[in-house]
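Quick mapping for you: the protein sequence lines, in order, are chains A and B. Heads up: the first sequence is residues 210 to 370, going by our numbering. Heads up: the second sequence is residues -12 to 734, going by our numbering. Structure first, commentary second.
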Amino acid sequence: MSNVTSLEKAGLQKVGRRRELISFRIGPQEFCVDIMSVREIRGWTAATPLPQSPDYVRGVINLRGAVLPIIDLAARLELGDTDATARSVIIVTHIGPRLVGLLVDAVSDILTITEDQVQPTPDIACDTVREFVKGLLAVEGRMISWVALERVLPELEAEAA
Amino acid sequence: MDPLEAIKATFFQECDELLADLESGLLELEGGGGDIETVNAVFRAVHSVKGGAGAFGLEPLVRFAHVFETTLDDMRSGKLATEPAAVKVMLRAADILADHVSAARGQGVVDEAGSLRLVAELKALCGGGAAAPGAADDDDVVMVDSEVEDDGFGDFDFTPVLVEIEAPAATTPTWRIGFKPSRAMYAKANETALLLRELDRIGVCQVTLNADGLPDFDALDPEESYFAWDIEVETDQGEAAIREVFEFVEDDCEISVTGGVADAPVEAPAPSIDLELTTAPPPEAEPEAVDGDVMALLERAKAAAAELQPAPSASAAPRAAAAPAPAAGLHPADSADAKAAAGTTIRVDLERVDRLIDLVGELVINQAMLTQRVGESGLARSSTVSVGLEDLEHLTREIQDSVMAIRAQPVKSVFQRMPRLVREVAAMTEKQVRLTTEGENTEVDKTVIERLSDPLIHMIRNAIDHGLEKPHVRLAAGKPAEGVVKLCALHRSGRIVIEVSDDGAGINRERVKQIALDKGLIAPDATLTDEETDNLIFLPGFSTAATVSDISGRGVGMDVVRRQVQALGGRISITSNPGKGSTFSLSLPLTLAVLDGMVVGVSGHTLVTPLTAIIETLQPKANDVRLLGPNGAVLAVRDAYVPLVDVGAVLGYNKGPTDWTTGVVLLVESEVGGRAALLVDAIQGQRQVVIKSLEANYQRVEGIAAATILGDGRVALILDVDALIDVRRKDARRSATPPAARLPLAS
């Protein structure tokens, strides 16, 4: 992302910034995140539940020695809990300094878009949509929602002291 | 990095070490210990800082260091006595010097006024003299320090920078003196150093220590005299003057005086060390041959130092004979300390070590997984695979231990920061405080060291601000006006214990209780033991300072210290003796990377309990458990009732009450809540686990200290025993207290 400006200067870009996105499915809906924030994609393994955590936090798994929290994105977007199966997928993403796994049903595509293709989220009354979707994309007749990754983690507790 | 920047970074690293040396040297002098060599070491430290700073054009630093150095030079030459008042000024100067270094590094600013004030004070110490640069600018003075002055070859780690040999002037006769003191000479309280100093007054001396007579360490008689000295002195005062020096000891030593020939070429020059004793004028007739020998000499010195390394206290022995003064008992320990700190070291980027530790951690996990897989595959224990695996396990454990040892560091680096703090806080509170430290070489993991500093600072501030009384109060109570704060580190059963004690008034239990009552921290009818009362000060929202003082009341209290310590997997407690003082004792794990844990099962989940918290495990019988109130229960353990904590319920794993008769109870002790009984389903075993942070990728989870990865590759959570008990207690308090009186809970 950081070299986009230089690309622009080089005249490679004429209409908006080019972005590559990974799209995935949760039930019938399609979502996407920026490919630059994705570190890897891996199959589902049973997570160790964390006590006193929101229900969309499925727990933690061992990612080659690191403890990786798993967010059930469907539950986070209030689309109902994911019924994790061997075919479910964990998208390991960077969110700020953290590494977080997103549990989704399946990964579908890599999209190359320019930013002017992104439509603003329609002003509908649903708070969840307003909170987690930062834009919509129309690709080959499908509607894909761009997920605001920085919102999916639970609000960090203000660490007293 | 720009090469110059890299050199500069190294310079600043060295500055840190030099400043530490400077401070410890000054403290030694302040404590009445130390000798001319200590003064020399202090001088060298400042001189090196100045020299380096000059190379980088750090003007303010150079200017201050120069004045400081000039004063120290006076002390070195004996013009200024090493009396406490002077040393105190120097300690403050050392603080300012440290500020200057920080400022030069771009961190913080120097208190200019304070700096100027100290410059004035330092100059005043010099006898008001305009700083005579001549003496201090000794870049051109031969400075290879010899230990002849002192006891010994104990400190051969001198770092001579410049060795300049003057051309022989060849006018003064040279006398060669062989001097071997006997046991009797020392018994009569004579000292070689004084004699040599005397000799130095009549001419330029070259002194060579002959330690050939020194037996092996085990054959060493601490009161025997083993050393001899060969001295060459250039003087035109004649043999009589030389003899006169030894007049009082001539019956108790072997002495020979020969020579007296001018321009005597020195045949086969014995490796000699130019001794800068007092205000030695630049050597006039240095044999040229020595020049080439300096390197050889250094080699020999190094070899000697290396040889002596295994028996550090050997250096103490001759001193004990030479100076049966009270200080003699103190010194050996010091020099042994210094010795321990020396040795061959390399600087390694911490990141590399951390990477290595991570890798070893994964190796341990992998090895455990492999073992488990092999076990599952049904191979016989005697099969070559199993045997090989066992070897691997040993090897892995050894690698882990060695890697951990790399990170282990003496707590000295933290302790060294405390004297300055003590001085500042003492000045602010107008109290007289002396800090004594013990066990500085106790080693602990670097991560622990780094995070030790904050709690220690708090505890020391607290000890001075709240613990110690003002001088007049102390005098009235029949105590010396100067209070003592003692900082002490030791290893105890796989943990490091750090104690901060003061000889102040102790905890005012009545007041503590009253405050706790006023703030609603305890119930009005609570009956507390003295110990429980003392530990009330760790409660959040408790601060005994009647007015918020600048030192301790900065919005953080002892509860913060307790949190910091608990975050490190440690415990803190206080014992107090009214009128005699209090002791904070801090117990920490030696490393934050691994933990000995008890693996337990709770409602189908695997959890790890730190072994250090567990006192015992037991299987409760149905009638051991008594219900208490609507949803509380206690367990009878040998006539004592201990609150029962259903781990599954507290962590939300199971909703209904657990049948305690089928479970196992871990009797745990927390630093705050006393004992508790943790109810779990089963114990699976005891294991060393690698600690993985939950906060790195997620956030803190109440009741959980961290996570680890088990042999099967799954993540298991490590219980935070104290927090677990606390959670339960908070729940209880929440339901028991009306909302208005509810405490602002910390998290």
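All C-beta atoms in this analysis are idealised placements derived from N, C-alpha and C, irrespective of residue type, glycine included. All values derive from a computational prediction rather than experimental measurement.
Residue-chain proximity (residue i, chain D), Cβ-Cβ < 8 Å
i, result
"residue 307 of chain A", "The structure shown contains no chain D; its protein chains are A and B."
C-beta neighbour in chain B for residue i, strict 8 Å
i, result
"residue 237 of chain A", "no"
"residue 246 of chain A", "no"
"residue 221 of chain A", "In this prediction, residue 221 of chain A scores a pLDDT of 45, lower than 50, which makes its location untrustworthy; no coordinate-derived value is stated."
"residue 284 of chain A", "no"
"residue 360 of chain A", "no"
"residue 302 of chain A", "no"
"residue 260 of chain A", "yes"
"residue 330 of chain A", "no"
"residue 257 of chain A", "yes"
"residue 242 of chain A", "no"
"residue 370 of chain A", "Residue placement at residue 370 of chain A is poorly supported in this model, since its pLDDT is 30, which falls under 50; the coordinates are not used for a value here."
Range of the contiguous alpha helix (DSSP H) that encloses residue i
i, result
"residue 415 of chain B", "405 to 416"
"residue 356 of chain B", "337 to 363"
"residue 440 of chain B", "433 to 449"
"residue 262 of chain A", "Counting along the chain, residue 262 of chain A falls outside any alpha helix (DSSP H), and DSSP gives it neither H nor E."
"residue 64 of chain B", "Taken as a continuous stretch (DSSP letters only), residue 64 of chain B belongs to no alpha helix (DSSP H), as it is neither H nor E."
"residue 2 of chain B", "-10 to 17"
Proximity test, Cβ basis, 8 Å: residue i and chain A
i, result
"residue 679 of chain B", "yes"
"residue 117 of chain B", "The pLDDT assigned to residue 117 of chain B is 42, lower than 50, so where the model puts this residue is not dependable, and the model offers no usable value."
"residue 584 of chain B", "no"
"residue 539 of chain B", "For residue 539 of chain B, the predicted structure reports a pLDDT of 47, less than 50, and the residue's modelled location is therefore unreliable. A value from the coordinates is still provided. Chain A contact via Cβ: absent."
"residue -10 of chain B", "no"
"residue 701 of chain B", "yes"
"residue 379 of chain B", "no"
"residue 68 of chain B", "no"
"residue 712 of chain B", "no"
"residue 685 of chain B", "yes"
"residue 349 of chain B", "yes"
"residue 704 of chain B", "yes"
"residue 639 of chain B", "yes"
"residue 430 of chain B", "no"
"residue 340 of chain B", "no"
For residue i, the nearest candidate out of the options (CA to CA)
i, options, result
"residue 336 of chain B", "B:360, B:371, B:394, B:356", "B:394"
"residue 452 of chain B", "B:416, B:424, B:467", "B:416"
"residue 222 of chain B", "B:433, B:188, B:556, B:615", "B:188"
"residue 352 of chain B", "A:273, A:252, A:261", "A:273"
"residue 476 of chain B", "B:586, B:455, B:401", "B:401"
"residue 358 of chain B", "B:370, B:348, B:380", "B:380"
"residue 276 of chain A", "B:12, B:651, B:705, B:713", "B:705"
"residue 522 of chain B", "B:513, B:499, B:708, B:507", "B:499"
"residue 387 of chain B", "B:558, B:458, B:581", "B:581"
"residue 563 of chain B", "B:355, B:571, B:557", "B:571"
"residue 212 of chain B", "B:25, B:168, B:229, B:181", "B:168"
"residue 620 of chain B", "B:627, B:632, B:626", "B:632"
"residue 7 of chain B", "B:651, B:-6, B:35", "B:35"
"residue 569 of chain B", "B:365, B:517, B:661", "B:517"
"residue 382 of chain B", "B:697, B:457, B:355", "B:355"
N-terminal and C-terminal residue of the beta strand (DSSP E) that residue i is part of
i, result
"residue 346 of chain A", "342 to 348"
"residue 633 of chain B", "627 to 633"
"residue 250 of chain A", "247 to 252"
"residue 85 of chain B", "Note, residue 85 of chain B: premise wrong, no beta strand (DSSP E); alpha helix (DSSP H) at 71 to 91."
"residue 233 of chain A", "227 to 235"
Contact test: residue i Cβ vs the ligand PLP heavy atom, cutoff 7 Å
i, result
"residue 292 of chain A", "Ligands in the displayed structure: none, and consequently the ligand PLP is not present."
- Message: Which complete alpha helix (DSSP H) runs does the region 153 to 184 of chain B hold, if anything under 4 residues is left out?
- Response: 170 to 174
- Task: Determine which residues of the region 351 to 369 of chain B have a Cβ less than 8 Å from any Cβ of chain A, and write them out in chain order.
- Result: 352
- Query: Going along the region 654 to 676 of chain B in order, which residues come within less than 9 Å of chain A, judged by CB to CB distance?
  - Reply: none
- Query: What beta strand (DSSP E) runs, 3 residues minimum, are completely inside the region 644 to 686 of chain B?
  - Reply: 651 to 657, 661 to 667, 669 to 677
- Item | Selection of the region -2 to 28 of chain B by Cβ proximity to chain A, strictly under 9 Å | Result list empty, no residue passes.
- Task: Residues of the region 268 to 296 of chain A with a CB closer than 8 Å to any CB of chain B: list them in chain order, please.
- Result: 268, 269, 270, 271, 273, 274, 275, 276, 277, 278
- Going along the region 86 to 106 of chain B in order, which residues come within less than 7 Å of chain A, judged by CB to CB distance? none
- Entirely enclosed alpha helix (DSSP H) segments - the region 541 to 613 of chain B, minimum 4 residues: For the region 541 to 613 of chain B, whole alpha helix (DSSP H) runs of length 4 or above, ordered along the chain, are 545 to 554.
- Task: Go through the region 278 to 316 of chain A residue by residue and report every complete run of the alpha helix (DSSP H) that reaches 4 residues or more, in order.
- Result: For secondary structure counted as the alpha helix (DSSP H) over 4 or more consecutive residues, the region 278 to 316 of chain A holds these complete runs in sequence order: 282 to 285.
- Kindly provide the ranges of any beta strand (DSSP E) runs that are 3 or more residues long and lie completely inside the region 201 to 226 of chain B, ordered along the chain. 215 to 221
- Task: Only counting runs of 4 or more residues, tell me where the alpha helix (DSSP H) segments fall wholly within the region 457 to 519 of chain B, in order along the chain.
- Result: 458 to 463, 496 to 505
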